[in-house]
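Protein chains: 2
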Amino acid sequence: MNKRLLLTGLAFALGAGVTLTAYSQVKPEIMVKQRQAAMTLQGKYFGPLAGMAQGKIPYSAETVALNSALLDALSRMPWDGFAPASKDATVKTAALPAIWSEPAKFKEAQDNFQNAVQALVKVSRSGDEAAQKAAIGGVGKACGGCHQNFREKQ
Amino acid sequence: MNKRLLLTGLAFALGAGVTLTAYSQVKPEIMVKQRQAAMTLQGKYFGPLAGMAQGKIPYSAETVALNSALLDALSRMPWDGFAPASKDATVKTAALPAIWSEPAKFKEAQDNFQNAVQALVKVSRSGDEAAQKAAIGGVGKACGGCHQNFREKQ
């Protein structure tokens, strides 16, 4: 399966400190669905990078660049789905109560992940394979660091 | 629910013609899950924009800029999940057989959508509210155009 993507126009830059406001009450079940969707897609685009860093699949500079760019966006998406109201959701979720009982620690784990993705984005177009693989390892570690404390064991 | 997002470092630009190669055989059920996740998140970030364009919620230039940037990434994500192998998935899907019997028309509908999102991205930081609302309408039309022929009626 090959897919040719035209990525012209993908560039965008937003200043720091944008505030995202929810304009309508989102149902707890929808919050869970949306945050799980973001995790699913993080897996889709991080999986091949992890495979490259571990030497399981061939290195591709293009895939590193594309997937890092998409992870940049995806790394921002799950967090508002963990709003306290989402605790009332009547759907299956692996989210642990520590998310809400230790919000500062959870926020720190989110920040670690987002910082690790930013570090990857920074080297993703550098052509420096070793630096990219190190940054991929950093993202993997940050995923695991959050899952360790805040997600039910799979 | 408020969420402050630090968007420094979000800027990225990729050249045209990047090829995305799948390195491992992805299970049909995973393909469906991933493409549905992309649609779920398109809904999350397009919903508020549609509400603004329809005058149902207050206009926010910041939300237009942020959500357009995230839709830029999301608009690239569902399509490889409709690979022919995904037809064998044993999970519920609203995908219609026309996706695979009329691939050229399906590709055209995808392109219409991606072009509409690019048109939105282009005006999303312009401060031109009328142009943004028109572009949001264009995206909504492109969503519907594809759903009309390729998604089971909801």
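So the protein sequences, as listed, match chains A and B.
Following our numbering, the residues of the first sequence are numbered contiguously, the last one being 164.
Following our numbering, the residues of the second sequence are numbered contiguously, the last one being 164.
The beta carbon of each residue, even a glycine, is placed where N, CA and C say it ideally should be.
By how many angstroms is the C-alpha of residue j removed from the C-alpha of residue i?
i, j, result
"V74/A", "A63/B", "36 Å"
"V101/B", "S136/B", "43 Å"
"E72/A", "K117/B", "23 Å"
"A145/B", "L81/B", "13 Å"
"T31/B", "V131/A", "Note on T31/B: pLDDT 44, under 50, position unreliable in the model; no value is reported."
"A108/B", "M49/A", "29 Å"
"L84/B", "G65/A", "28 Å"
"G61/A", "I67/A", "5 Å"
"Y55/B", "D138/A", "34 Å"
"K151/A", "S96/B", "31 Å"
"A126/A", "S111/B", "42 Å"
"Q142/A", "S134/A", "6 Å"
"Q164/A", "N77/B", "32 Å"
"S70/B", "R86/A", "19 Å"
"M41/B", "F92/B", "7 Å"
"L51/B", "L59/B", "13 Å"
"H157/A", "L106/A", "9 Å"
"N122/B", "N122/A", "37 Å"
"R161/B", "A140/A", "44 Å"
"K115/A", "Q124/A", "14 Å"
Residues bridged to residue i by DSSP?
i, result
"A105/B", "R161/B"
Measure how close the beta-carbons of residue i and residue j come, nearest whole angstrom, since I'm counting them as under 8 Å.
i, j, result
"P38/B", "D98/B", "5 Å"
"P88/A", "R45/A", "4 Å"
"N159/A", "A119/A", "7 Å"
"G148/A", "A129/A", "6 Å"
"A47/B", "A47/A", "4 Å"
Under 8 Å Cβ-Cβ, which residues of chain B neighbour residue i?
i, result
"W80/A", "Here residue 80/A turns out to be Leu, not Trp, going by the sequence shown. A83, R86, M87, listed in chain order."
Run through chain A and tell me which residues come within less than 7 Å of residue i, C-beta to C-beta.
i, result
"Q44/B", "T50, L51, K54"
In chain B, what lies closer than 7 Å to residue i by C-beta?
i, result
"A4/A", "In the structure displayed, chain A extends from 11 to 164; residue 4/A sits before or after that span and is not available."
Checklist entry - Can you list, in chain order, the residues of the segment 50–69 of chain B whose Cβ is nearer than 9 Å to any Cβ on chain A? => result T50, L51, G53, K54, Y55, G57, P58, G61, M62, K66, I67, P68
Item to check | Short-range partners of chain A found in the segment 92–107 of chain B, where Cβ spacing is below 8 Å | outcome: A93, A95
Checklist entry - Which residues, taken in chain order from the segment 136–155 of chain A, show a beta carbon closer than 8 Å to some beta carbon of chain B? => result none
Checklist entry - If contact means a Cβ-Cβ distance below 8 Å, which residues of the segment 111–122 of chain B contact chain A? => result none
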